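By the count of our numbering, the sequence shown reaches residue 297 at its end, each step adding exactly one. Backbone N, C-alpha and C define an ideal beta-carbon position, used for all residues, glycine too. Only a predicted model underlies this, so the values are computations on that prediction, with no experimental measurement involved. In what follows, a single structure is set out as structure tokens and then discussed.
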Amino acid sequence: MATGQNIHTYFGGTWHKGNPAIINAADHGAWLGSNVFDGARYFDGVAPDLLAHCQRVNRSAEALMLIPTVSASDMVAIIWDGLKQFATAAAVYIRPMYWAVDGDMSAIVPHGSSTAFAICLEEIPLASSNASARLTRTRFRRPVLEDAVVN
147 MATGQNIHTY FGGTWHKGNP AIINAADHGA WLGSNVFDGA RYFDGVAPDL LAHCQRVNRS
207 AEALMLIPTV SASDMVAIIW DGLKQFATAA AVYIRPMYWA VDGDMSAIVP HGSSTAFAIC
267 LEEIPLASSN ASARLTRTRF RRPVLEDAVV N
């Protein structure tokens, strides 16, 4: 779901301009949802907590039985390299992601060693500084590990 016009995608070890097709229809991640991503932001020349976001996407991959193929520190370096393609004043949504290409013999469990990796950098403006949101209480709660893979 591309919402911006200025997109750069890292896949297969190189940067591509735009929103290329990177997941095949029969990939386990497309078919059975064995995919993870994390979202970070770049704005005013900074990317707060970028390493923590990259560490979290690797932990999320492991939680879904995927084998992360890029270390968090390497991911940070790849992202900073990709951010050179944007203006310093640009607001960029950073999405590192993994998905399984194959499943095991049961077809249900992802084959961890078939993990694919990509990063999508998409220029999307931040909300204005005077935008506001209302916070309220609810009877609903966030999912926990007993319900979903949310660690």
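Looking only at C-alpha atoms, which of the options sits nearest to residue i?
{"i": "Ala172", "options": "Ser278, Val295, Ala279, Trp245", "result": "Trp245"}
{"i": "Ala294", "options": "Leu210, Val247, Ser219, Arg241", "result": "Leu210"}
{"i": "Val192", "options": "Asn204, Ala236, Arg288", "result": "Ala236"}
{"i": "Asn165", "options": "Arg241, Val203, Ala277, His199", "result": "Arg241"}
{"i": "Gln201", "options": "Asp190, Leu212, Ser217", "result": "Ser217"}
{"i": "Tyr156", "options": "His174, Met243, Asn204, Ala207", "result": "Met243"}
Hey, residue i and residue j are a contact pair by Cβ (cut 8 Å); roughly how many whole angstroms apart?
{"i": "Pro194", "j": "Thr261", "result": "Not really, about 27 Å apart at Cβ, beyond 8 Å."}
{"i": "His174", "j": "Asp184", "result": "Not confirmed; about 20 Å, so no contact."}
{"i": "Ile265", "j": "Ile224", "result": "6 Å"}
Can you name the start and end residues of the alpha helix (DSSP H) that residue i belongs to?
{"i": "Leu178", "result": "174-178"}
Suppose the cutoff is 6 Å on Cβ atoms and the five residues either side in sequence are ignored; what does the same chain contact list for residue i look like?
{"i": "Leu229", "result": "Tyr188"}
{"i": "Glu268", "result": "Gly150, Ile153, Tyr239"}
{"i": "Arg254", "result": "Looking at the sequence shown, residue 254 is not Arg but Ile. The answer is none, since no qualifying residue turns up."}
Look up residue i in the DSSP assignment and say whether it is helix, strand or coil.
{"i": "Ala167", "result": "coil"}
{"i": "Asn181", "result": "strand"}
{"i": "Met243", "result": "strand"}
{"i": "His257", "result": "coil"}
{"i": "Gly249", "result": "strand"}
Go to residue i, then tell me how far its beta strand (DSSP E) extends in each direction, as first and last residue.
{"i": "Ile265", "result": "261-269"}
{"i": "Arg187", "result": "186-188"}
{"i": "Ile153", "result": "153-157"}
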